[in-house]
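Sequential numbering from 45 applies to the sequence shown in the numbering used here.
Idealized CB from N, CA, C, for every residue including glycine.
Note that the structure is a prediction, hence the values are computed from the model and not measured.
Data block below; observations after.
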Amino acid sequence: MSALSHPEHSRTIAVRRRVATHSGLATTVATFLTTFAAAALLLHVAVGVMGHAIVERTRQSALALEDTTKRVRGTTIALQRNSERATNPSSIAAWARLHGFQSSFLASRQDATVE
């Protein structure tokens, strides 16, 4: 009986094949898990970066809106003051006196030019 046909040799070869198969499977599973973990980490980082960009854009929009609100509020206050000044009787009288003075001044200048 040759050494290659011996039953223990056949058993040894079978065990080696099983170990090789299990080892190959373990390597495949380990490679898959490592790749999956790396992809999950990259996805996590990408989502974090996008989330940060969205938060920053929202913050900038909020600041712009706040600035616009302040400007509108200032304009509203200025318009309110102007309208109060325009409807205030003493303001109207002062404007009429100023306008009358300007009109009389211009009329006297025209008279002086004509003469």
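- Contact between serine 135 and arginine 141 does not hold, since their C-beta atoms are separated by about 11 Å, which reaches or exceeds 8 Å.
- Within the stretch 89-124, no run of beta strand (DSSP E) reaches 3 residues while sitting entirely inside it.
- Our two residues, serine 127 and glycine 92, have alpha carbons roughly 52 Å apart in a direct line.
- The C-alpha of isoleucine 121 lies about 54 Å from the C-alpha of leucine 85.
- A direct Cα-Cα distance of roughly 14 Å separates leucine 77 from glycine 68.
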